[in-house]
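K.L.:
Under the numbering used here, think of the first position of the sequence shown as 32, with each following residue one higher. All C-beta atoms in this analysis are idealised placements derived from N, C-alpha and C, irrespective of residue type, glycine included.
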Amino acid sequence: MPWIQLTLSSTEDHAPQVGDMLMANGAQAVTYRDGADNPIFEPPLGEVLMWQHTLVTGLFDAEVDLKPVIANLEKAKVLPAPLQYKVDGLEDKDWEREWMDNFHPIRFGERLWICPTWRDIPEPDAVNILLDPGMAFGTGTHPTTAMCLRWLDQHGHSHNEVVDFGCGSGILGIAALKLGARHAIGIDIDRQALIATQENAERNGVAGKFDVYLPTEQPTAKADLVMANVLAGPLRELAGTILNYVDLGGSLVLSGILKRQAEDVMAAYTPGITFDPIVVEGDWVMLSGKRTQ
Numbered sequence: 032m033p034w035i036q037l038t039l040s041s042t043e044d045h046a047p048q049v050g051d052m053l054m055a056n057g058a059q060a061v062t063y064r065d066g067a068d069n070p071i072f073e074p075p076l077g078e079v080l081m082w083q084h085t086l087v088t089g090l091f092d093a094e095v096d097l098k099p100v101i102a103n104l105e106k107a108k109v110l111p112a113p114l115q116y117k118v119d120g121l122e123d124k125d126w127e128r129e130w131m132d133n134f135h136p137i138r139f140g141e142r143l144w145i146c147p148t149w150r151d152i153p154e155p156d157a158v159n160i161l162l163d164p165g166m167a168f169g170t171g172t173h174p175t176t177a178m179c180l181r182w183l184d185q186h187g188h189s190h191n192e193v194v195d196f197g198c199g200s201g202i203l204g205i206a207a208l209k210l211g212a213r214h215a216i217g218i219d220i221d222r223q224a225l226i227a228t229q230e231n232a233e234r235n236g237v238a239g240k241f242d243v244y245l246p247t248e249q250p251t252a253k254a255d256l257v258m259a260n261v262l263a264g265p266l267r268e269l270a271g272t273i274l275n276y277v278d279l280g281g282s283l284v285l286s287g288i289l290k291r292q293a294e295d296v297m298a299a300y301t302p303g304i305t306f307d308p309i310v311v312e313g314d315w316v317m318l319s320g321k322r323t324q
């Protein structure tokens, strides 16, 4: 199906209202983009933040007449008159095929591969995890996950009991199991994440070794490896809970942290954890260390 998109320039205060109006006028989807260069890495819990200059784009069927949509936006007077907008046509493609063609197997470290299910496995004798890329839960394409996977490639073989805190797709717990861990526990606040973890564990032949829980159901357990790839805020706030899972002498890996947040996160886990040198990739860092007390 051919599509057209209507893009408007808005302030951060008015962007959500503009998006709502586009949806009310027949948009099939609405996206928000930074109109300048002011990235937002970690909004406060429960808040959705916009950029100071936000581009709001509504996606419409190409048969839709946009003149009434634009007239309604002008009538609402949410944005300054005359209304500044841009209309673009989108090429009619097989978007699912286009999306799939852009993803290839990725190697992390020496022997760990993440492979989309529709691709051939490049190294059958390596440690291969079948996992399809997606936006919701993470599949190794983001630096925070990639750093954790490379750490596992180096150190994962030496752990037996693993906790994947904020498990998302289950990628870290599955990787640990495929690398030799005996058992993994996945914990996440989102039931859909737990379903995704179970499905991915089944696909990779480790479902019998991977148990998942909501935080209200999480068991009392001690692990010799705890991994938490979430965000700096939750890592600080839940430091006590996460530390309780780490057995004395066990390893802790934390990610989802910006460089400027690293010291605050480390402070929340000391003196219990003795940290290794910080690993940096772009704007992000990974922290690892041992529980020494």
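1. Could you tell me the alpha carbon to alpha carbon distance between V316 and N260, rounded to whole angstroms?
2. The beta strand (DSSP E) that contains E248, what's its start and end?
3. My output table needs one value for A58: the three-state DSSP class, helix, strand or coil.
4. If I'm right that L274 touches Y300 with Cβ under 8 angstroms, what's the distance once you round it to whole angstroms?
5. Specify the secondary structure class of T38 as computed by DSSP and reduced to three states.
6. Based on the DSSP output, what are the partners of F241 in its beta bridges?
7. Taking 8 angstroms as the threshold, find out whether the segment 186-205 comes into contact with the segment 225-241 through three or more Cβ pairs.
8. Report all residues from its chain with a CB closer than 6 angstroms to the CB of D119; omit the five preceding and five following residues, and keep chain order.
9. Could you have a look at D11 and say whether DSSP puts it in helix, strand or coil?
10. Excluding the five sequence neighbours on either side, which residues of its own chain have a C-beta within less than 7 angstroms of the C-beta of Q292, listed in chain order?
11. Shortest alpha-carbon distance to S189 belongs to which of M178, L208 and I202?
12. Expressed to the nearest angstrom, what Euclidean distance is found between the alpha-carbon atoms of V109 and W149?
13. Mind the definition here: the segment 238-252 touches the segment 280-296 only if three or more C-beta pairs lie below 8 angstroms; say whether that holds.
14. Any idea if M54 is buried or exposed, counting beta-carbon neighbours within 10 angstroms, 16 or more meaning buried?
15. I believe D307 touches G287 by the beta-carbon criterion, under 8 angstroms. Please report the beta-carbon distance rounded to the nearest angstrom.
16. What is the residue span of the alpha helix (DSSP H) that E230 lies within?
17. Can you list, in chain order, the residues of its chain whose CB lies under 7 angstroms from that of P155, leaving out five sequence neighbours each side?
18. Excluding sequence positions up to five away, which residues of its chain have a Cβ less than 6 angstroms from the Cβ of L203?
19. Output needed for G211: all residues of its chain with C-beta closer than 6 angstroms, excluding positions within five of it in sequence on either side, in chain order.
20. Since E174 and G50 are thought to touch, with beta carbons under 8 angstroms apart, how far apart are those beta carbons, to the nearest angstrom?
21. Just curious, the alpha helix (DSSP H) that G271 is in, first and last residue?
22. Can you give the Cα-Cα distance for V237 and H186, rounded to whole angstroms?
23. Using a threshold of 8 angstroms, state whether the C-beta atoms of L161 and R234 are closer than that.
24. Tell me whether E230 is buried or exposed, calling it buried when 16 or more other Cβ atoms sit within 10 Å of its Cβ.
25. Would you identify the three-state DSSP class for E294, choosing helix, strand or coil?
26. Give me, in chain order, the residues of the same chain whose beta-carbon lies closer than 8 angstroms to that of L266; leave out the 5 immediate sequence neighbours on both sides.
27. Hey, how far is the Cα of R181 from the Cα of V95?
28. Candidates V310, I218, K290 and K240: which alpha carbon is nearest Y276's?
P.N.:
So, from the data block:
1. Taking the sequence shown and counting its residues from 1, one reaches residue 316 at position 285. Taking the sequence shown and counting its residues from 1, one reaches residue 260 at position 229. About 11 angstroms.
2. Counted from its first residue, the sequence shown places residue 248 at position 217. No beta strand (DSSP E) contains E248, which DSSP labels as neither H nor E.
3. Within the sequence shown, the letter at position 27 stands for residue 58. Three-state result, A58: coil.
4. One-based indexing of the sequence shown puts residue 274 at position 243. One-based indexing of the sequence shown puts residue 300 at position 269. For L274 against Y300, the beta-carbon gap comes to about 6 angstroms, under 8 angstroms, which counts as contact.
5. Numbered from 1 along the sequence shown, position 7 holds the residue referred to as residue 38. In the structure shown, T38 adopts extended strand secondary structure according to DSSP, grouped into three states.
6. What you label residue 241 is simply residue 210 of the sequence shown in a count that begins at 1. The partner list for F241 (beta bridge, DSSP) reads A215.
7. The segment 186-205, when compared against the segment 225-241, does touch it at the 8 angstroms Cβ threshold.
8. The count along the sequence shown starts at 1 and reaches residue 119 at position 88. Correct list, in chain order: Q36.
9. No statement about residue 11 is possible, as the shown extent of the chain runs from 32 to 324 and does not include it.
10. Indexing the sequence shown from 1 puts residue 292 at position 261. For Q292, where only same-chain residues beyond five positions count, the Cβ hits under 7 angstroms are A263.
11. Translated into the one-based positions of the sequence shown, residue 189 becomes position 158. Nearest C-alpha to S189: L208.
12. Here residue 109 refers to the residue found at position 78 of the sequence shown. Here residue 149 refers to the residue found at position 118 of the sequence shown. V109 and W149: Cα-Cα distance of roughly 46 angstroms.
13. Judged by Cβ distances under 8 angstroms, the segment 238-252 makes no contact with the segment 280-296, as fewer than three pairs qualify.
14. Walking along the sequence shown from the start, residue 54 turns up at place 23. M54 should be labelled exposed.
15. To locate residue 307, count along the sequence shown from 1; it is residue 276. To locate residue 287, count along the sequence shown from 1; it is residue 256. Contact flag wrong, Cβ pair sits at about 17 angstroms.
16. As a first step, residue 230 is located in the sequence shown; it is residue number 199 there, counting from the start. Here the alpha helix (DSSP H) through E230 covers R222 to R234.
17. Within the sequence shown, the letter at position 124 stands for residue 155. Excluding five sequence positions before and after P155, none of the CB atoms of its chain fall closer than 7 angstroms to its own CB.
18. Here residue 203 is taken as the residue at index 172 of the sequence shown, counted from 1. Taken in chain order, the residues that qualify are C179, D195 and M258.
19. The sequence position of residue 211 within the sequence shown is 180, counting from 1. Contacts found: H188.
20. Mapped onto the sequence shown, residue 174 falls at position 143. Mapped onto the sequence shown, residue 50 falls at position 19. A small fix is needed here, since residue 174 is Pro in this sequence, not Glu. About 29 angstroms separates the beta carbons of P174 and G50, which is beyond the 8 angstroms limit, so they are not a contact pair.
21. Taking the sequence shown and counting its residues from 1, one reaches residue 271 at position 240. Secondary structure note for G271: its alpha helix (DSSP H) is the uninterrupted segment A270 to Y276.
22. Looking up residue 237 in the sequence shown gives position 206. Looking up residue 186 in the sequence shown gives position 155. So the two alpha carbons sit approximately 19 angstroms from each other.
23. The sequence position of residue 161 within the sequence shown is 130, counting from 1. The sequence position of residue 234 within the sequence shown is 203, counting from 1. Yes, the Cβ-Cβ distance between L161 and R234 is below 8 angstroms.
24. In the sequence shown, the residue the question calls residue 230 occupies position 199. Under the 10 Å beta carbon count, E230 is surrounded by fewer than 16 other beta carbons and is classified as exposed.
25. Walking along the sequence shown from the start, residue 294 turns up at place 263. Assignment of E294 by DSSP, reduced to helix, strand and coil, places it in the helix class.
26. Working through the sequence shown from its first residue, we reach residue 266 at position 235. So the qualifying residues of the chain are A259, I273, L285, G287, I288, V296 and A299.
27. On the sequence shown, position 150 is the one that residue 181 refers to. On the sequence shown, position 64 is the one that residue 95 refers to. One alpha carbon belongs to R181, the other to V95, and they sit about 48 angstroms apart.
28. Counting from 1 along the sequence shown, the entry for residue 276 is found at position 245. Of the candidates V310, I218, K290 and K240, the one whose C-alpha sits nearest the C-alpha of Y276 is I218.
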